[in-house]
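In the numbering used here, the protein residues as written are 752 to 1252.
Every residue gets a Cβ at the ideal spot worked out from N, C-alpha and C, and that includes glycine.
If you're wondering where the values come from, they're calculated on a predicted model, not measured in any experiment.
Presented below is the structure to which this report refers.
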């Protein structure tokens, strides 16, 4: 890890200084040099070739937070499974208590209004009753999960001695999330296995996070007899807080939820510090309507894959050239039905000539984060654009692509998609099996794409859908859950004292 403490002495960086970051030499420019204050930490990121400034105050906040959490990890070894169960039970009860929740609700309303005034997306920020109920359900799942922090999972017997393999807590985990309040139900799940957590939430949701900590999480920790440092919020709106957290080598795992370059850089920072990483990368699901696609199944898949914008929302829909005259209008109508539930219209980008079967002269009001914008409903895009994920606010937005056949669709998917979620709508099992065998993605289905969620599909609350960027994963699925955060310790029990090699 390339870090420099900026002091008033000789170590102070000056304009024109050159810093070696990985294999790159980065020159300090005037603006960056002028921004530095005594005590600041300068972080070099080899991934981006950038220098990042961590203000001294932010560095101290993060250092103190990690110290509390690492100390609490030691204390967790004396905590019983029943106490952890009690924590989740209390957290769910407190969250369901309308009187206790009111301060959280008011803080969230203020956060949403602030974000809207700045043209920020609020699709994940608003703590709706549905999100609240999902959080309660997740906490109750953690409560019911039969998982102990320490458990013997195997043993190898030798003459006079035995090697035991024990599942054990991993340590202190660091989380960086965008502005979404449901992170508490996700991140606190690591306590189920005896771990502790430090997290930084996006500035848009920071006031909501403070209220959840003070009215839900901390009272539940206290009443259950768990150390306060088991769950620590980094109380800073600065992006630098995430950089500082992920560069602290005391972290046992770094989890970043979100998308784009910011998440990739956070992962690179953690890897430079020698911390294992679980990244929530670029989203966007693909739907392939096969030659044997049945009408009702296709309409349902499109409708229910466009209900809201999250990572597993349909982003690209492929139809076969031989059925385009029928399937393109069907997809359009299904998308319009999904949009109608939001009192909006669908926004469609056509590739491969899909616009031939649609009206390209219609103007609609598109609901975007910055407000309502008048645009053409149907426009033409390039094939090379298919790698873009549409981050829509209120108007469902996606690519509609006409392809030669299923093999053509799979080729485009493997090349342009984030290799994440693929759904093939087909009655012919040969088409479905071909996609299953050829597409490079960890999540493959035959209906709507929004099933990709640990809590919904596996009945296990997820910490993240992680590390899918290259399709198939090593050794485990793309759902990171609370019972995924563990290590294996070895313990030898000698029955004979004279064992030697």
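Neighbourhood of residue i by C-beta, 8 Å cutoff - its chain only, sequence neighbours within 5 removed
i	result
residue 1261	The question about residue 1261 has no answer, for the chain in this structure spans 752 to 1252.
residue 1090	1057, 1096, 1097, 1146, 1147
residue 866	872, 873, 876, 930, 955
Residue i, DSSP secondary structure in three states
i	result
residue 1243	strand
residue 966	helix
residue 818	helix
residue 863	helix
residue 1048	helix
residue 1201	helix
residue 1109	coil
residue 1007	strand
residue 1137	helix
residue 779	coil
residue 1060	coil
residue 1143	coil
residue 1184	helix
residue 1039	strand
residue 828	coil
residue 1119	strand
residue 1002	coil
residue 1066	strand
residue 1171	coil
residue 1080	helix
residue 919	strand
Separation of residue j from residue i, as counted between CA atoms
i	j	result
residue 809	residue 1116	42 Å
residue 1051	residue 1198	8 Å
residue 1177	residue 1041	5 Å
residue 1195	residue 1231	17 Å
residue 855	residue 1053	35 Å
residue 857	residue 951	21 Å
residue 927	residue 953	8 Å
residue 1260	residue 1028	Because residue 1260 is not part of the residues shown, which for the chain are 752 to 1252, the question remains open.
residue 1130	residue 1108	12 Å
residue 1095	residue 794	45 Å
residue 1122	residue 1237	45 Å
residue 1252	residue 1187	50 Å
residue 1033	residue 1173	14 Å
residue 970	residue 851	11 Å
residue 968	residue 887	12 Å
residue 785	residue 1136	39 Å
residue 1016	residue 798	7 Å
residue 800	residue 791	19 Å
residue 1092	residue 1207	22 Å
residue 848	residue 880	12 Å
residue 897	residue 891	12 Å
residue 1082	residue 1074	12 Å
Whether residue i touches residue j by CB criterion (8 Å)
i	j	result
residue 1214	residue 938	yes
residue 805	residue 995	yes
residue 1057	residue 1064	yes
residue 1070	residue 1153	yes
residue 845	residue 958	no
residue 943	residue 912	no
residue 841	residue 975	yes
residue 1066	residue 1140	yes
residue 932	residue 884	no
residue 787	residue 771	no
residue 1150	residue 1102	yes
residue 1161	residue 1128	no
Contact set for residue i: own chain, Cβ-Cβ below 6 Å, skip 5 residues either direction
i	result
residue 1060	874, 1143
residue 907	914
residue 1098	1117, 1146, 1148
residue 817	949, 999, 1001
residue 823	947, 978, 980, 981
residue 984	960, 964
residue 1205	1211, 1213, 1230, 1232
residue 956	862, 876, 930, 932
residue 1088	1054
Rounded distance between the beta-carbons of residue j and residue i, thought under 8 Å
i	j	result
residue 1044	residue 1078	7 Å
residue 1007	residue 1031	6 Å
residue 746	residue 1026	This structure gives no information on residue 746, because the portion of the chain shown stretches from 752 to 1252.
residue 796	residue 1019	6 Å
residue 832	residue 899	5 Å
residue 889	residue 936	4 Å
Same chain only: Cβ atoms within 7 Å of residue i, ignoring 5 sequence neighbours per side
i	result
residue 752	Model confidence at residue 752 stands at a pLDDT of 44, short of 50, so the residue's coordinates are unreliable; what they give is reported in the following sentence. Taken in chain order, the residues that qualify are 998, 1023, 1024.
residue 1183	1175, 1177, 1197
residue 1014	1007, 1030, 1031, 1032
residue 1132	1100, 1101, 1102, 1150
residue 781	766
8 Å Cβ cutoff, residue i in contact with chain D
i	result
residue 906	Here chain D cannot be found, since the structure has a single protein chain.
Residue i: CB within 7 Å of a non-hydrogen atom of the ligand ZN
i	result
residue 982	This structure does not include the ligand ZN; it has no bound ligands of any sort.
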